[in-house]
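Using this note's numbering, the first residue of the sequence shown is number 1, and each one after it goes up by one.
The C-beta atom is built at its ideal place from N, Cα and C for all residues, glycine as well.
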Amino acid sequence: MHPDARGYYGPYGGRFVPELLMPPLLELEKAARDIVPTEEFRKEFGDILRDFVGRPTPLYRCPTLSRELGFNLWLKREDLAHTGAHKINNTLGQALLAKHMGKTRLIAETGAGQHGVATATAAAMTGLSCTVYMGAVDVRRQAHNVRRMELLGAKVVAVENGTRTLKDAINVALRAWIAELEDTHYCVGSVVGPHPFPWLVREFQQVIGLEAREEFMTRNMGRLPNALVACVGGGSNAMGLFHAFVPDEGVRIIGVEASGSGEEGCYHSATLTKGTAGVFQGALTLLLQSEQGQIEPSHSIAPGLDYPGVGPEHAGLQALGRAEYACVNDAAAMRAFKKLCRTEGIIPALESSHALAWVLDNADQFPAGGDVVINLSGRGDKDLGIVEEVLQAEEEGK
């Protein structure tokens, strides 16, 4: 799915920003259209993805779970990319573009910390300075990643506003960008925000789906999988996997959101299944809001899914009927996390565990002997502090 000239994916998308942000957004859109498609940029970016990131990442068939489920379960191993998550594809693309634009500094926001680590890595690799904004709650939950960012030379700013999570960090980062437009590029971490960010981030993440498509067809005599499944917070890992398969009507596309504790009235992050249309952080999309239009707090055990909005292309695919979206709660994600650790020897990110949990709980929806591809968006060592707290609470019977 491609945006129209105004950045809309069907009824969603666009650019709803203060006047001060229009010049840098228009500058970025022009640079993206003029520079990114060139052979020089594509070669430079492709060389970095191969030699620095370690692409292509493998498409791995899980032998034990495939046997248990009765169909082939494949993992696109973005956890094996440099820095341990898919985030590095996008940050290196934006850092490289910023350098071509003459910028000297990157700023970013992060929830789970993976985008912050990836941005700090891209800045160090390309010789740019870097500041990362992070909700104070996430600074505590992701202390290991904060240390990694600092080791890579980035300054980490803890945001104490609001719920002190990702959406508040984004608001502060946008204000910082307005104040430093001349030499600074805002490295957005997901397919969210005003046009051209959703399109630009997806351009850099689509390598996931392009590789998965080629890898799967090469190993399966040219046929395609039955279904793709990926977790959705802002939605960049999912869009990275989905985009190359959207024209393939026979391939089912499923995004999995976080439903929090799953109890009635709880905080959650299920914008596509429980949200309503509105403008959020520069785009018309689906979001969690009150009847008065106030943004409601979100929650997920996975910090990277803890976000009250979603990328407008996901909302557009849902409106078109090309993708379907479902929910998984914290407990089911934890069960899937432990299942993959024990059966396949892989420690997944809690974000990706939501996608796995949905497949495990809905295995009867897939044909015997069929093929399901999950995007394993990141590795789980960043989440060990959260996991330890949950396991301790379980042992104490809380």
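Here the alpha carbons of K167 and A173 stand approximately 10 Å from one another. A230 sits in a strand when the DSSP states are folded into three classes.
Beta-bridge partners assigned by DSSP to F280: A283. The beta-bridge partner set that DSSP reports for D371 consists of N72. Here L391 is exposed, its C-beta having fewer than 16 other C-beta atoms within 10 Å. By the neighbour-count criterion, in which 16 or more other beta carbons inside 10 Å mark a residue as buried, L151 falls on the exposed side.
Under a 10 Å Cβ-count criterion, S290 is classified as exposed, with fewer than 16 other Cβ atoms of the shown protein chains found around its own Cβ. Of all alpha-carbon atoms in N171, A270, G222, the one lying nearest the alpha-carbon of V232 is that of A270. Taking all protein chains in view, the Cβ of K155 is surrounded by fewer than 16 other Cβ atoms within 10 Å, so the residue is classified as exposed. A straight-line Cα-Cα distance of about 10 Å links W199 and D4. Beta-bridge annotation (DSSP): H185 is paired with L106. When secondary structure is reduced to three states using DSSP, I254 falls in the strand class. G262 and A336 have their C-alpha atoms some 16 Å from each other. If only complete runs of 3 or more residues are kept, the segment 22-71 shows the beta strand (DSSP E) at 59-61, in order along the chain. Within the segment 73-155, the complete beta strand (DSSP E) segments at least 3 residues long are 105-110, 129-135, listed from N- to C-terminus. For C327, the uninterrupted beta strand (DSSP E) run begins and ends at 324-328, by DSSP. For T273, the uninterrupted alpha helix (DSSP H) segment begins and ends at 271-274.
About 5 Å separates the Cβ atoms of H195 and R15, confirming a contact at the 8 Å cut-off. According to the DSSP assignment, P312 belongs to the alpha helix (DSSP H) that extends over 312-320.
Distance between A31 and E39, taken at the CA atoms: about 14 Å. A distance below 9 Å separates the beta carbons of F71 and G370.
Apart from the 5 residues on each side of it in sequence, T104 sits with its Cβ closer than 7 Å to the Cβ of L128, S129, D183 in its chain, given in chain order. Between T276 and the set G84, P63, E249, G309, the nearest pair of CA atoms involves G309. For the segment 330-364, the full-length alpha helix (DSSP H) segments reaching 4 residues or more read 330-344, 350-361 along the chain. Just so you know, the alpha carbons of S352 and A212 end up roughly 16 Å apart. When DSSP states are grouped into helix, strand and coil, R379 belongs to the strand group.
Under DSSP, I295 shares a beta bridge with Q289. Distance between R42 and V191, taken at the CA atoms: about 20 Å. A179 sits in a helix when the DSSP states are folded into three classes. Short of 8 Å from the beta carbon of A238, and not among the five residues preceding or following it, lie these beta carbons of its own chain, in chain order: A230, C231, V232, G255, H314, N375. Residue pairing from DSSP places Y12 in a beta bridge opposite Y9. A distance below 6 Å between beta-carbons, with the five flanking residues on each side excluded, links A122 to the following residues of its chain, in chain order: T91, L92, A95.
For I208, the enclosing alpha helix (DSSP H) begins and ends at 207-219. Proximity of the segment 70-89 to the segment 131-143 falls short of the contact definition, fewer than three beta-carbon pairs being nearer than 8 Å.
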